[in-house]
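Trainee: Take this structure, written in structure tokens, and hold onto it; I'll ask about it next.
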Amino acid sequence: MSERVNVKKKTSAPAEASTVSSAKADAALTSLGPKEMLRWAWTQLTSMRTALFLLLLLAVAAVPGSLFPQRPANPSVVTQYIKDHPDYGKLLDTLQLYDVYSSVWFSAIYLLLFISLIGCVVPRAIAHYKAMRSQPPRTPKRLSRLPEYGTLIIPADAGIPASDAIRSAAGVLKKRGYRVEVRDDDGARPSLGAERGFMKEVGNLVFHTSLIGVLVSVAIGGLFGYSGQRILVEGDTFVNTLVGYDQFTPGTNFQSSQLQPYSVQLDKFDITFDRESQGKFGQPIDFSAAVTTKENPDAPAKKETLKVNDPITLGGTSIYLTGNGYAPVVTIRDGDGNVAMQGPVVAKLQGDNYYSSVVIKVPDAKPDQLGFQGFFLPTAFVTDQGVSFSGDPELFNPQLSLNSYYGDLGLDSGAPQNVFEIDVKDLTPLNARNLDAGGITLAPGSTYTLPDGKGSISFDGVKRYVGVDIHHNPGQLYALIFALLAVAGLILSLYVNRRRAWVRTGMHEDGRTMVEYGLLARGEDHRLAGEAAAVRKLLADEWKLDGGGQQASGHQSQQTPSSLDDNGAGTPTPAGPAGPDKDQ
251 MSERVNVKKK TSAPAEASTV SSAKADAALT SLGPKEMLRW AWTQLTSMRT ALFLLLLLAV
311 AAVPGSLFPQ RPANPSVVTQ YIKDHPDYGK LLDTLQLYDV YSSVWFSAIY LLLFISLIGC
371 VVPRAIAHYK AMRSQPPRTP KRLSRLPEYG TLIIPADAGI PASDAIRSAA GVLKKRGYRV
431 EVRDDDGARP SLGAERGFMK EVGNLVFHTS LIGVLVSVAI GGLFGYSGQR ILVEGDTFVN
491 TLVGYDQFTP GTNFQSSQLQ PYSVQLDKFD ITFDRESQGK FGQPIDFSAA VTTKENPDAP
551 AKKETLKVND PITLGGTSIY LTGNGYAPVV TIRDGDGNVA MQGPVVAKLQ GDNYYSSVVI
611 KVPDAKPDQL GFQGFFLPTA FVTDQGVSFS GDPELFNPQL SLNSYYGDLG LDSGAPQNVF
671 EIDVKDLTPL NARNLDAGGI TLAPGSTYTL PDGKGSISFD GVKRYVGVDI HHNPGQLYAL
731 IFALLAVAGL ILSLYVNRRR AWVRTGMHED GRTMVEYGLL ARGEDHRLAG EAAAVRKLLA
791 DEWKLDGGGQ QASGHQSQQT PSSLDDNGAG TPTPAGPAGP DKDQ
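Put into structure tokens, the structure is as follows:
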């Protein structure tokens with residue numbers, strides 16, 4: 251008989267395979283319509299995997315902003331970079347790699363991440379709200395199958411029926427933070443379901459919502475914020491207007507009406523140099539700028555101190571101290587004897603001990619425009635070879651060394667120029683080391699007459715200057731708040747565990763009250779065993795049981811299964827109505 255069956259199976263197998271193959275060939279997948287495609291695309295976009303991928307992609311997309319010069323920060327550098335790399339410079343410009351953070355592709359990733367996070371958070375928040383309002387899950391039929399399970403026996407002489415035991419167990423779990431529902435408390439086998447740890451999902455939602463808040467705050471800062479730089483010489487005043495900035499970087503939607511009309515005047519700048527250390531002798535160790543500020547033209551003046559890493563705040567902007575140096579005060583007369591320029595000239599730091607380069611452009615000189623290029627030394631020393639250098643950053647022996655030129659400075663063409671550089675290829679030299687007239691060397695209070703009746707230059711004194719960075723970011727505070735909330739939400743989600751507990755009671759034939767309990771965690775929870783032990787101890791204390799199931803008073807105790815037996819296979823269970831194999 252068996253042989254015939256086997257033969258029949260062998261002969262029918264090819265036929266069945268052929269039938270299945272034919273059915274697969276004839277089967278046709280239903281095509282997705284536009285609505286189904288949109289639903290599928292939305293599901294993919296709002297998945298957590300997509301959100302993490304977009305977050306990583308956004309970080310990668312920001313890398314070119316560090317590799318290539320950015321037009322909003324310094325347009326002249328971008329223009330020079332394109333000139334220096336004619337083979338691929340324009341291609342990079344076409345790809346918007348000089349405007350990374352406002353490019354179409356960067357904005358697209360940013361918006362997709364924003365939408366993805368919203369699509370993740372909103373459904374999860376709705377589902378969690380419903381879960382918090384719903385009752386705990388029904389009591390399982392077999393509590394012994396839960397990962398943490400145990401039994402307790404209340405002696406008959408304790409006088410605690412099953413209904414009272416389940417109510418007292420509910421009170422114990424409520425005190426421990428569980429949300430409890432008692433079921434069939436008047437029946438023969440009452441039970442309860444308890445749940446706690448809803449803050450874990452709240453932490454997750456706070457974390458993801460805070461990420462959205464950070465994105466929005468950064469976007470607000472990029473759209474409506476601005477930043478700028480200004481150099482202030484002692485005695486100068488900066489007024490917060492567009493023409494008051496040396497360099498200004500506006501946000502995408504910046505409006506000049508956003509500028510608050512405050513003012514900052516640099517009264518005095520002090521530097522403390524190290525005069526004790528051998529290895530760092532002469533190094534600056536403290537900077538302090540005394541300033542006078544006014545919130546608006548009609549506001550009273552206020553004395554403040556600006557220091558490194560200690561900005562002052564005016565009109566919603568933060569003003570940071572970022573640089574300093576010396577500004578020689580000069581008076582330049584042209585060939586007609588008129589004062590063509592008078593005032594401090596900012597010297598750009600170039601080396602140790604405040605060795606600084608100096609460039610002076612005098613477009614108003616007549617009959618020819620004048621230009622000067624050289625260096626300033628706070629404390630001048632000369633080597634045996636005749637080379638001047640600065641021996642100390644303090645003004646012990648100030649010296650101004652210059653070469654002079656005349657001709658067309660190119661300022662009338664309208665092309666932007668760097669104030670710290672001068673193009674001398676189209677100028678005629680007047681003074682230089684390699685000319686008969688030699689270079690110009692001036693001490694404070696001295697005057698030099700230029701050759702060929704081109705005028706004169708006087709070195710009147712030295713002032714200090716500071717460089718300040720001015721930042722206005724309306725989303726900065728909110729970004730900080732959301733970042734802190736994200737960290738708090740992440741910590742909450744990591745350290746809070748979602749747990750469920752059930753307790754069932756029943757009366758034994760001999761009058762004892764039989765109790766069984768079980769705990770279950772949602773996800774990995776290595777502390778669930780400790781929670782089960784804590785619940786067991788609290789229940790035992792509530793019913794004055796000793797040894798996890800024995801009566802603590804002097805009455806005769808009833809032996810219960812050990813904790814090992816409670817959690818092991820083949821657990822002995824209480825007989826009678828309270829046995830876990832029987833449900834309500």
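Heads up, the sequence shown is in the numbering used here, so the first residue is 251 and it goes up one at a time. Just so it is clear, CB atoms sit at the ideal spot from N, CA and C, and this is done for glycine as well.
Could you tell me which residues DSSP puts in a beta bridge with I839?
Mentor: With the chain covering 251 to 834 only, the question about residue 839 has no answer from this structure.
Trainee: List the whole-angstrom C-beta distance separating V746 from G453, where the pair is believed to meet the contact cut-off of C-beta under 8 angstroms.
Mentor: Their Cβ separation, rounded to whole angstroms, is 6 angstroms, which keeps V746 and G453 in contact under 8 angstroms.
Trainee: Can you pull the DSSP bridge partners for M757?
Mentor: BP columns for M757 point to T763.
Trainee: For chain C, find out if any of its Cβ atoms is closer than 8 angstroms to the Cβ of S663; answer yes or no.
Mentor: The displayed structure is made up of one protein chain only, and chain C is not part of it.
Trainee: When we look at the beta-carbon of D536 and count the other beta-carbons within 10 Å, is it buried (16 or more) or exposed?
Mentor: exposed
Trainee: Determine the extent of the alpha helix (DSSP H) in which V354 is found, giving its start and end residues.
Mentor: 354-383
Trainee: How many angstroms separate the CA atom of G739 from the CA atom of E451?
Mentor: 9 angstroms
Trainee: In three-state terms, what does DSSP make of L345?
Mentor: coil
Trainee: Just to confirm, is the Cβ distance from T836 to S366 under 8 angstroms?
Mentor: Here the chain comprises residues numbered 251 to 834, so residue 836 is not present and cannot be evaluated.
Trainee: Tell me whether the beta-carbon of D435 lies closer than 8 angstroms to the beta-carbon of I410.
Mentor: no
Trainee: So, helix, strand or coil for P830, using DSSP?
Mentor: Unreliable positioning characterises P830 in this predicted model, as indicated by a pLDDT of 38, which lies under 50. A coordinate reading is not provided.
Trainee: Which residues does DSSP pair with R777 in a beta bridge?
Mentor: DSSP lists no partner for R777.
Trainee: Nearest-angstrom Cα distance between I403 and A783?
Mentor: Approximately 16 angstroms, taken between the alpha carbons.
Trainee: If you draw a straight line from the C-alpha of Q667 to the C-alpha of Y604, how long is it?
Mentor: 24 angstroms
Trainee: Do I470 and P701 have their C-beta atoms closer together than 8 angstroms?
Mentor: no
Trainee: Taking 6 angstroms as the limit between beta carbons, can you name the residues of its chain near G768, skipping five residues before and five after?
Mentor: L393, L396, Y399, W752
Trainee: Whose CA, out of Y351, V466, F498, D584, lies closest to the CA of A311?
Mentor: Y351
Trainee: Taking DSSP as the reference, what is the three-state secondary structure of N526?
Mentor: One detail in the question is off: residue 526 reads as Glu in this sequence, not Asn. If DSSP states are grouped into helix, strand and coil, E526 belongs with coil.
Trainee: Under 8 angstroms Cβ to Cβ from S640, same chain only, skipping five residues before and after it: list those, please.
Mentor: G601, D602, N603, Y604, Y605, L627, P628, T629, A630, F631
Trainee: Classify G780 as buried or exposed, calling it buried when 16 or more other Cβ atoms lie within 10 Å of its own Cβ.
Mentor: exposed
Trainee: Can you have a look at P440 and say buried or exposed, based on whether 16 or more other CB atoms are within 10 angstroms of its CB?
Mentor: buried
Trainee: The alpha helix (DSSP H) with F303 in it runs from where to where?
Mentor: 298-311
Trainee: Helix, strand or coil for D435 per DSSP?
Mentor: coil
Trainee: Could you have a look at Q619 and say whether DSSP puts it in helix, strand or coil?
Mentor: coil
Trainee: Throw me the rounded Cβ distance for the P619 and Y656 pair, which I believe falls under 8 angstroms.
Mentor: The question names Pro, but residue 619 in the sequence shown is Gln. With a Cβ gap of about 7 angstroms, Q619 and Y656 count as contacting.
Trainee: Using C-beta distances below 6 angstroms, list every residue in its chain close to Y570, excluding the 5 sequence neighbours before and after it, in chain order.
Mentor: P561, D719
Trainee: Please report the residue range of the alpha helix (DSSP H) in which K333 lies.
Mentor: 325-334
Trainee: In three-state terms, what does DSSP make of G587?
Mentor: coil
Trainee: Work out the CA separation of H722 and S568 for me, nearest whole Å.
Mentor: 7 angstroms
Trainee: From I741 to L307, what does the alpha carbon distance come to, in whole angstroms?
Mentor: 25 angstroms
Trainee: Are the CB atoms of R749 and L789 nearer to each other than 8 angstroms?
Mentor: The Cβ atoms of R749 and L789 do not sit closer than 8 angstroms to each other.
Trainee: Where does D602 fall in DSSP's three states?
Mentor: helix
Trainee: Buried or exposed, going by whether 16 or more other CB atoms sit within 10 Å of the CB of M382?
Mentor: exposed
Trainee: So, F670 versus K611, is the Cβ gap smaller than 8 angstroms?
Mentor: no
Trainee: Considering Cα atoms alone, identify which of L564, H335, A291, I690 is closest to Y512.
Mentor: L564
Trainee: Thinking just about the alpha-carbon of each residue, which of L342, L556, H335, V327 is nearest to the one in P314?
Mentor: L342
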